[in-house]
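Chains as they are written, first to last, in the numbering used here: chain L, 6 to 230; chain C, 13 to 122.
Just so it is clear, CB atoms sit at the ideal spot from N, CA and C, and this is done for glycine as well.
Contents: one structure, followed by commentary.
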C-alpha cells in the first residue's frame, strides 16, 4: 500500500496529466447514474458506462471510462454559473479516467435478490458475482488518485462501510469528495452527511436529475487536480 | 439458539500478525459468535476483513455486520488509534446501530 508521504512525493515529482477517479459507495447509492451523467455531459450523450436499476449490485464489475475532460468553461450552462469566478478561471479543467465500482458491502445474501423476483439459481449467481465485484472494487483502491464517495442522502450515512472507505483514503492520503446523492427525494437529508463527516467536502446532488451537479464538477476540478 | 459473545483483549490482538488477527476474527464470526475487539481494527484491517469475508460468503454465511468507535488521531495526526470494533455474523446480527457513545445490535435467529 502506498503511504501518505510517498503519494505526496510522487505527486510533487510526477504530476499526472490525467487522474483516475474512483466512484465508490454502498450498493444503490447512485454510482453508475453519476458515472453515466459525467460521461453524458463531457463525452457523449449516448455513451453509457453502465445500467442503473433499483436492484442492488447491478454493477458487479469495475468499469473504467478513460479520457473524460471536465471543462466547466465550455459545459456550464448560462443558468448555472460558477459562484466563485477564481474557480472558473484557474481550475475549471480536469482530465480524468472515471472508474465506476460495484457497491461495497459487508454482506451479500442471495435471498435478498430473490425478493426482486429472481429464481434461486439466478440469485445465487448474482450473489457470487457481487462478492467478486466487492473484492475487485477494494483492489482498485490501490490504483486510484481520488475518490468520489457517493452516499444516499435518504439513508443513515454513519455506516461502517462509509467509515471504512473514508478511513482508508485518509490513511493513503487520497483526496475524497462526498456526494450526498438523491436530494431530489422528499426525505433527503444531506445535512446529516455533513454532520457525520465534517472534515470532508460534501456536495449535495441529484445524479438522476442533475441538481447541483455543476457544484460537484467544480469541487472535483479543485480537489482532484 | 445460543449466541456467544467473545471479548478479546488488546494484548491478545497485539500478539497476532495482521493475517492471524483477521483469520481469528472471521473464524469466530463464522462460528456464529459476536466478537468484540478491545483496541479495535484499523480502517485498513477492516477493509481487509471485508475482502476476506467476500471470499468466504456462502449460502450459510452471507457475511458480517461490523461497527466500532471512530479512531482518534495520535501525535501530529500521524497515527490513528482505534478504540473498539464489534463484528458479528450478518445471519443473526440483523441490524447494528451506532450513536456517539452507544453501539446497539439486534440479534435474531429467524
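Closer than 8 Å to the CB of residue 124(L) there is not a single CB belonging to chain C. Around the beta-carbon of residue 77(C), 16 or more other beta-carbon atoms lie within 10 Å, marking it buried. In its chain, beyond the 5 residues on either side, 31, 32, 139, 166 have a beta carbon closer than 7 Å to the beta carbon of residue 110(L). The criterion of a C-beta distance shorter than 8 Å is not satisfied by residue 135(L) and residue 230(L). Straight across, the Cα-Cα distance linking residue 24(C) with residue 37(C) is about 12 Å. Taken in chain order, the whole alpha helix (DSSP H) runs of length 4 or more contained in the segment 18 to 64 of chain C are 22 to 26, 30 to 42. Counting only unbroken stretches of 3 or more residues, the beta strand (DSSP E) elements lying wholly within the segment 52 to 77 of chain L are 68 to 76, in sequence order. By the Cβ rule, the segment 93 to 105 of chain C counts as touching the segment 35 to 54 of chain C, because three or more pairs are nearer than 8 Å.
Chain order gives no chain L residues near residue 25(C), where near means a beta carbon separation below 8 Å; the closest approach is about 18 Å. A straight-line Cα-Cα distance of about 29 Å links residue 60(L) and residue 200(L). Judged by DSSP in its simplified three-state form, residue 164(L) adopts coil rather than helix or strand.
Residues of the segment 59 to 81 of chain C with a C-beta atom less than 8 Å from some C-beta of chain L are 59, 62, 63, 65, 66, 67, 69, 71, 74, 75, 76, 77, 78, 79, 80, listed in chain order.
Interface residue (Cβ-Cβ distance to chain L less than 8 Å): residue 110(C) is classified as such. For residue 163(L), the chain C residues whose C-beta falls within less than 8 Å of its own C-beta are 110, listed in chain order.
Within a 10 Å sphere around the beta-carbon of residue 187(L) sit 16 or more other beta-carbons, which makes this residue buried. Under a criterion of Cβ atoms nearer than 8 Å, the residues of chain L adjacent to residue 56(C) are, in order, 6, 172, 173, 176. In the structure shown, the three-state DSSP call for residue 156(L) is strand.
With a 10 Å radius around the Cβ and a threshold of 16 neighbouring Cβ atoms, residue 155(L) comes out buried. For the segment 103 to 121 of chain L, residues whose beta-carbon sits nearer than 9 Å to a beta-carbon of chain C comprise 109, 110, 111, 112, 113, 114, 115, 116, 117. Within chain L, the residues placing a beta-carbon under 8 Å from that of residue 102(C) are 111, 112, 114, ordered along the chain. Each residue's CA atom was taken as its position, placing residue 27(L) and residue 104(L) some 5 Å apart.
In this structure, residue 182(L) places its C-beta atom within 8 Å of the C-beta atom of residue 228(L). Cβ-Cβ distances below 7 Å link residue 40(C) to 18, 47 in the same chain, with the five nearest sequence neighbours on each side left out; the list follows chain order.
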